[in-house]
Amino acid sequence: MSSPAHNLRSRPSNMAPSSASPLANGSPRSSTSSSTRNRSRNSPYLPTPTETLLLASYPAILLFGAAFSAISPQTRAAPFFPGTHAHSQEPGLSPSYFARKDNVLNQFFVKRGWAWFTLAFAFWVLIHPALASTRARARAAARWGVVTAFWFLTTQWCFGPPLIDRGFRWSGGKCEFVEMKVEQGEADTMNEVFTAAACKATGGRWLGGTDISGHIFMLVLGSAFLMQEVGWVVLRWRGRRELEERSVVMPDGAVKGAGVEAEADGVSVANVVDALGLGGRVVMGVVVLSLWMVLMTAIYFHTWFEKLTGLLVALAALYTTYILPRWIPAWRNIFQLRFSPALANKPNNKPPPPPSPSSTINPTKPFNPFASPTAALLVSPLPPSHNLVLNKFAVVPEHFILATSSFAKQTHLLETADLDAARRCIDAYKSAGRELFVFFNSGEHSGASQPHRHLQCLDVGMMREGLEDQEEDKEWGVLADRLGDETERRKLPFWTVGEKIAGKKGEELRGVYLRLYREAAEKMGVEAGGQSEGEARISYNLAMTGDVMVVVPRTSEGGVVRGPGGEEVGQLQLNGTVLAGTALVKSEREWDALRQDPGQMREVLGRIGVPNGK
717 MSSPAHNLRS RPSNMAPSSA SPLANGSPRS STSSSTRNRS RNSPYLPTPT
767 ETLLLASYPA ILLFGAAFSA ISPQTRAAPF FPGTHAHSQE PGLSPSYFAR
817 KDNVLNQFFV KRGWAWFTLA FAFWVLIHPA LASTRARARA AARWGVVTAF
867 WFLTTQWCFG PPLIDRGFRW SGGKCEFVEM KVEQGEADTM NEVFTAAACK
917 ATGGRWLGGT DISGHIFMLV LGSAFLMQEV GWVVLRWRGR RELEERSVVM
967 PDGAVKGAGV EAEADGVSVA NVVDALGLGG RVVMGVVVLS LWMVLMTAIY
1017 FHTWFEKLTG LLVALAALYT TYILPRWIPA WRNIFQLRFS PALANKPNNK
1067 PPPPPSPSST INPTKPFNPF ASPTAALLVS PLPPSHNLVL NKFAVVPEHF
1117 ILATSSFAKQ THLLETADLD AARRCIDAYK SAGRELFVFF NSGEHSGASQ
1167 PHRHLQCLDV GMMREGLEDQ EEDKEWGVLA DRLGDETERR KLPFWTVGEK
1217 IAGKKGEELR GVYLRLYREA AEKMGVEAGG QSEGEARISY NLAMTGDVMV
1267 VVPRTSEGGV VRGPGGEEVG QLQLNGTVLA GTALVKSERE WDALRQDPGQ
1317 MREVLGRIGV PNGK
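Here is the structure:
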């Protein structure tokens, strides 16, 4: 046969334009908007430049405090007591009001510090519009849970004494007053004074070892946590995403940009104050108080080494919470999000309801574009039983249809001739140095819109178009090519079955198809063991590449897409392109909502068929 690739190249293009992007990046309005952002990739193993600047402020404050303490005449003249980690607390001898432990900020802010951090965080999460979705709030709450666990284990309890007190004992520290009791035989065990709180309660003094500064640890951890949670949301709420991007490690080891739940590229405000909102301003007030008390602690309390260790422990907790997860390969960018507004005008030729018995109106026969394709749409006959037809509602240029010449039902099982015709198209593209992705939709939940049997064909090179100049996108490949491997299939949120088909054709190829169909039916609880023709008993999508055939059973066509405020903005309807790793959206509102909250995509994918693992 003449090459489909050659025939398509020689025809004028009447394809509807579409834009593509992996779920976390891109814009339907400009194919270059992403590339201008990607100046250089930040390492996923290190903080971003903005994060580094914020974290560097803490050692800078400690250094300034140490220098001020060394040169201040009042501080140098005031006696310092290592046992209490403080200067004299007498009003006349204390170098400053903030050098006294009874100062109002120490009593009512620092000593209740984690409660203040938690309240400020909760207020922010509950009222800022960028965090209106349940998923965004759940992720933020999970991060709060992680940092709270670090705070609790370090300062309150760690299967006994907290880590700070364990470190003090391991470094040679002891409770001075109780040591005297032990020598005099008045204490039975040291367990009762294994913590600083117990030591002070018995009238002793915590002396000797290294006492990590709990105030520095808590203030740094809490304030940096709040800045991490608020900062990224504010940058994206202002439309300043282009400044920098965090990076993550992909399952294949590639380093790519991370889409975050806080981004809202479609919304921009005039200034940081407006972007913060009331919740953000409350958070920043708590952060400012924290930084002030870090400075006061740096000047008046603890030794330099104790403050340094408190800082390092806090930074380790922050690294574990925010940076370490970027190393871990995750479900990211497996699916390409493609904006295809032409689909909004696509008719749905599902069978109309039967007329009532009393009706005198003759039912209208649905239009069949494949019965006698016009010269403008017919690419080429494919003897003996098929035609190549241009798709009027193309999702990429050169999107064409492989339709039967005479009517055959879309809901019936595919025949050997259908699969052989698909194989011939794939091989013709391969001989031209190109790749072809073929898919088939069958059944009410599959995304099928025409009753006349047809397979759809997409040029993989065209699917990549618009991604080549985007560093994080150019490694995108057809998902189905990986699904011949069961390990790869398990990574998806929905169950699939696949088999390698390299070199197979004719009855051998159809044998693979029937095995996959029957296994998919069995997964749905439907008996199809002996079926080889007739009406399919399940809805399903099939995908073919040169090497792999994949089937996914379907229970739903898609799901609702919601905007930042939880309002419905559209429906994500998925057909066989899902096996290419492509999701098609019809409107810009759907596009923006899915990029703002990529988790919605995974939720919908988990509902279109049998959830993986079941």
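Numbering (my numbering), first residue to last: 717 to 1330. The beta-carbon is built from N, C-alpha and C at its ideal position, and this holds for glycine as well. Computed from a predicted structure; not experimentally measured.
task: Sort D1201, S1122, G1193, F1021 by Cα distance to F933 and report the nearest one.
output: F1021
message: Quick test of the definition: if touching needs 3 or more C-beta pairs under 8 Å, does the region 1242-1249 touch the region 1271-1287?
response: no
field: Beta carbon of R1180 nearer than 7 Å to that of Q1126
entry: no
- request: Could you tell me which residues DSSP puts in a beta bridge with V1213?
  value: V1267
message: Excluding the 5 residues flanking T791 on each side, which residues of the same chain have their C-beta closer than 6 Å to its C-beta?
response: S785, P811
Reference Q1166; option with closest CA among T1203, F1086, L1174: F1086
field: DSSP-derived helix/strand/coil call for F1017
entry: strand
field: Straight-line Cα distance separating P845 from S984
entry: Any reading at S984 is ruled out, since the residue's pLDDT is 43, under 50, leaving its predicted position unreliable.
task: Just the C-alpha distance for P789 and T870, rounded to the nearest angstrom, thanks.
output: 35 Å
message: So, at 6 Å on beta carbons, what are the nonlocal neighbours of G993 in its own chain, with the 5 sequence-adjacent residues on each side left out?
response: H844
Coarse secondary structure for M1240, derived from DSSP in three states: coil
field: 8 Å CB neighbourhood of L704 in its chain, flanking five on each side removed
entry: An answer regarding residue 704 cannot be provided, because it is not within the stretch 717 to 1330 covered by the chain.
message: Given a cut-off of 7 Å on the beta-carbon distance, is the pair E1304 and V1277 in contact?
response: no
query: Beta-carbon separation of G684 and R1150 under 7 Å?
result: The displayed coordinates of the chain run from 717 to 1330. Any statement about residue 684 would go beyond what the structure contains.
field: Start-to-end residues for the beta strand (DSSP E) that takes in G1245
entry: Taken as a continuous stretch (DSSP letters only), G1245 belongs to no beta strand (DSSP E), as it is neither H nor E.
field: Range covered by the alpha helix (DSSP H) that runs through Q1370
entry: The requested residue 1370 does not occur in the structure, where the chain is confined to residues 717 to 1330.
7 Å CB neighbourhood of G1200 in its chain, flanking five on each side removed: G1214, E1215, K1216, D1263, V1264
- prompt: I think C1173 touches V1154, with their Cβ atoms under 8 Å apart; what is that distance to the nearest whole Å?
  reply: 5 Å
field: Selected residue, minimal CA-CA separation from A836, among M1000, T1019, P795
entry: M1000
query: Quick one, are the C-beta atoms of A1137 and L1104 less than 7 Å apart?
result: no
message: Using C-beta distances below 8 Å, list every residue in its chain close to E1204, excluding the 5 sequence neighbours before and after it, in chain order.
response: R1198
task: Spatial neighbours of R1270 within its chain, please: CB distance less than 7 Å, with the 5 preceding and 5 following residues excluded, ordered by chain position.
output: G1159, H1161, S1162, S1255, Y1256, N1257, I1324, G1325
query: Would the beta-carbon of A865 fall within 7 Å of that of V936?
result: no
task: Please check the pair F884 and D927, which I expect to be a contact at CB under 8 Å, by giving their CB distance rounded to whole angstroms.
output: 5 Å
query: Can you list, in chain order, the residues of its chain whose CB lies under 6 Å from that of R816, leaving out five sequence neighbours each side?
result: Q805, S810
field: Close Cβ partners of R1231 (< 8 Å) along its chain, the five nearest in sequence each way excluded
entry: E1215
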